[in-house]
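Residue numbers (our numbering): 213 to 508.
Input: a single structure, listed below in structure tokens.
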Amino acid sequence: MPYDSHDALPLLPANRAPLAPEFPWPGGNRAAMFLSFDVDAETAWTGKDPNRYDELVCMSYGGFEARVGVRKLLEMLRDLGLRATFFITGWSVEANPAMAEAIVRDGHEIGHHGFHHLMPQPGDPRLIEEVDRGLDTLKRRLGVTPKGYRAPSGESCEELRVLLKQRGLLYSSSWRDDVRPYRHLLADGSPGLVELPVTMTYDDWLYGLSHRYSPRPMMPKEHVLSIWKDELDETRDWGGMVTTVLHPQCSGRPMRLRLLREFLRYTQGYRDVWITTGEDIAAHFAACEAAGSGAP
Ligand SMILES: [Zn+2]
């Protein structure tokens, strides 16, 4: 909706989500980690400008995912005995089917991440096609009907919230407004998807990937570990959840993978942080919700 002046802005949006209800984590756990990866591959670069397709070194940043990054991350997850969620763009699945099939073969969850990695914008006529082509590709190529959706470039709008519900998605992981799961309320007052909120703290892109289109300083392991541990420690004290937003073209690089392995081992050392997929956390939330407050 266009606002022709700041005076037209309502004080509170009608779609504001309610506070997250209290409920226990399962298995006596004190907190949760939603371990998730965003497999953008080349669409990380073409999503914002299709002309980059012909800039072959730029594209090769994304190509690292299929050639090396995903394979090394899958090896690491196998070694640690962890199951994760991989949000994949439809284009990446079409272009790199063996990479996507390897993720499925290892038993990880596949989530929807758009088709061309277009940032959802209100009123964009490509919004529906971006969702439907992504769904079609995951079904046709991988036999997967995804339960979860993560918005490319982390943006959303009311049309998208309604569309995802209509298409049968169960949870979203894009918003930044809580440290616990909650359910969206759509503008018409009806319930929307479960939200598994994200914090930028665990977006590896911020610390470990620099390019002329995305210039950032690279941070050393000790620096990033310090940030990641502090966020986890305090979130655990709060009984909340942390959500990782890890990109194989960043965290699949040798130094970054070493950092991630150390952090995941640190998290496992707690023994009371539930490290799992989005579908598991969303299902637990829905069961608690159906049971009223408390455990299902
Ligand atoms: Zn992405």
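We treat Cβ as the ideally placed atom computed from N, Cα and C, and that holds for glycine.
Please read these numbers as outputs of a predicted model, since none were measured by experiment.
For Phe249, tell me which candidate among His496, Asp445, Gly504, Asp415 has the shortest Cα-Cα distance.
Stepping through the sequence shown from its first residue, residue 249 is reached at position 37. Taking only the C-alpha atoms, the option nearest Phe249 is Asp415.
For Val280 versus Thr349, is the C-beta spacing smaller than 8 Å?
Looking up residue 280 in the sequence shown gives position 68. Looking up residue 349 in the sequence shown gives position 137. Not in contact: Val280 and Thr349 (Cβ atoms no closer than 8 Å).
Let me check understanding here. Comparing Cα to Cα, which of Gly504, Leu231, Arg242 lies closest to Gly452?
Taking the sequence shown and counting its residues from 1, one reaches residue 452 at position 240. The candidate whose alpha carbon is nearest that of Gly452 is Arg242.
Grouping DSSP H, G and I as helix and E and B as strand, with all else coil, what is Arg395?
Here residue 395 refers to the residue found at position 183 when the sequence shown is read from its first residue. In the structure shown, Arg395 sits in a strand (DSSP, three-state: E or B).
Could you tell me how far apart the beta carbons of Leu294 and Ile487 are, in whole angstroms, since I believe they sit closer than 8 Å?
Counting from one through the sequence shown, the residue named residue 294 turns up at place 82. Counting from one through the sequence shown, the residue named residue 487 turns up at place 275. The pair is a contact, with the Cβ atoms about 6 Å apart (cut-off 8 Å).
Inspect the beta-carbon positions of Ala296 and Gly274 and report whether they are closer than 8 Å.
In the sequence shown, residue 296 corresponds to position 84, counting from 1. In the sequence shown, residue 274 corresponds to position 62, counting from 1. For Ala296 and Gly274, no; Cβs fall outside 8 Å.
Name the residue from His396, Asp291, Ala310, Arg388 whose alpha carbon lies nearest to the alpha carbon of Glu501.
For this step, residue 501 is matched to residue 289 along the sequence shown. Among His396, Asp291, Ala310, Arg388, the Cα nearest to that of Glu501 is on His396.
As a quick exercise: from Thr447, Arg264, Ser368, Glu277, pick the residue whose alpha carbon is nearest that of Leu482.
Against the sequence shown, residue 482 aligns to sequence position 270. According to the sequence as given, residue 482 is Tyr; it is not Leu. Among Thr447, Arg264, Ser368, Glu277, the Cα nearest to that of Tyr482 belongs to Thr447.
With DSSP collapsed to three states, give me the class of Tyr419.
In the sequence shown, the residue the question calls residue 419 occupies position 207. Helix, per DSSP.
Under the three-state reduction of DSSP, which class applies to Ala498: helix, strand or coil?
Here residue 498 corresponds to residue number 286 of the sequence shown, with the count starting at 1. The answer is helix: DSSP assigns Ala498 an H, G or I state.
From the DSSP output, read off the bridge partner residues of Met245.
Taking the first residue of the sequence shown as 1, we reach residue 245 at position 33. According to DSSP, which records beta bridges pairwise, Met245 is partnered with Val454, Ile487.
Output needed for Phe475: all residues of its chain with C-beta closer than 7 Å, excluding positions within five of it in sequence on either side, in chain order.
Here residue 475 is taken as the residue at index 263 of the sequence shown, counted from 1. Within the same chain, Phe475 has close Cβ partners Leu437, Trp440.
With a threshold of 16 other CB atoms inside 10 Å of the CB of Pro364, please say whether the residue is buried or exposed.
Taking the sequence shown and counting its residues from 1, the one referred to as residue 364 is at position 152. Buried: at least 16 other Cβ atoms inside 10 Å.
By DSSP's criteria, His435 is part of a beta bridge. Which residues make up the other side?
Numbered from 1 along the sequence shown, position 223 holds the residue referred to as residue 435. Paired residues: none, contrary to the question.
What does the alpha-carbon distance come out to for the pair Asp344 and Leu382?
Taking the sequence shown and counting its residues from 1, one reaches residue 344 at position 132. Taking the sequence shown and counting its residues from 1, one reaches residue 382 at position 170. Taking the straight line from one Cα to the other gives about 15 Å.
Use the C-beta contact count for Ser463: other C-beta atoms within 10 angstroms, 16 or more gives buried, fewer gives exposed.
In the sequence shown, the residue the question calls residue 463 occupies position 251. Flag for Ser463 reads buried.
Which residues share a DSSP beta bridge with Thr297?
Position 85 of the sequence shown holds residue 297. Answer is Ser248, Glu321.
For the candidate residues Asp291, Tyr419, Arg392, Pro222, whose alpha-carbon lies nearest to that of His459?
Locating residue 459 in the sequence shown gives position 247, counting from the first residue. Ranking the options by Cα distance to His459, first place goes to Tyr419.
Beta carbon of His218: closer than 7 Å to some heavy atom of ligand 1?
Indexing the sequence shown from 1 puts residue 218 at position 6. No - ligand 1 has no heavy atom lying nearer than 7 Å to the Cβ of His218.
What residue does the alpha helix (DSSP H) around Gly346 start on, and which one ends it?
As a first step, residue 346 is located in the sequence shown; it is residue number 134 there, counting from the start. That run of the alpha helix (DSSP H) goes 339 to 354.
Could you tell me which residues DSSP puts in a beta bridge with Pro403?
Position 191 of the sequence shown, counted from the first residue, corresponds to residue 403. In DSSP, Pro403 forms a bridge with Leu397.
Could you tell me the distance, in whole angstroms, from the CA atom of Met245 to the CA atom of Thr456?
In the sequence shown, counting from the first residue as 1, residue 245 sits at position 33. In the sequence shown, counting from the first residue as 1, residue 456 sits at position 244. Those two C-alpha atoms are separated by around 8 Å.
Can you say whether Gly326 is buried or exposed, counting buried as having 16 or more other CB atoms within 10 angstroms of its CB?
Walking along the sequence shown from the start, residue 326 turns up at place 114. Under this definition Gly326 is a buried residue.
Taking its Cβ as the centre, do 16 or more other Cβ atoms sit within 10 Å of Met311, making it buried, or is it exposed?
Your numbering for residue 311 matches position 99 in the sequence shown. Under this definition Met311 is a buried residue.
Of all the options Gln378, Ser368, Glu367, which has the alpha carbon lying nearest to the alpha carbon of Lys359?
Stepping through the sequence shown from its first residue, residue 359 is reached at position 147. Ranking the options by Cα distance to Lys359, first place goes to Gln378.
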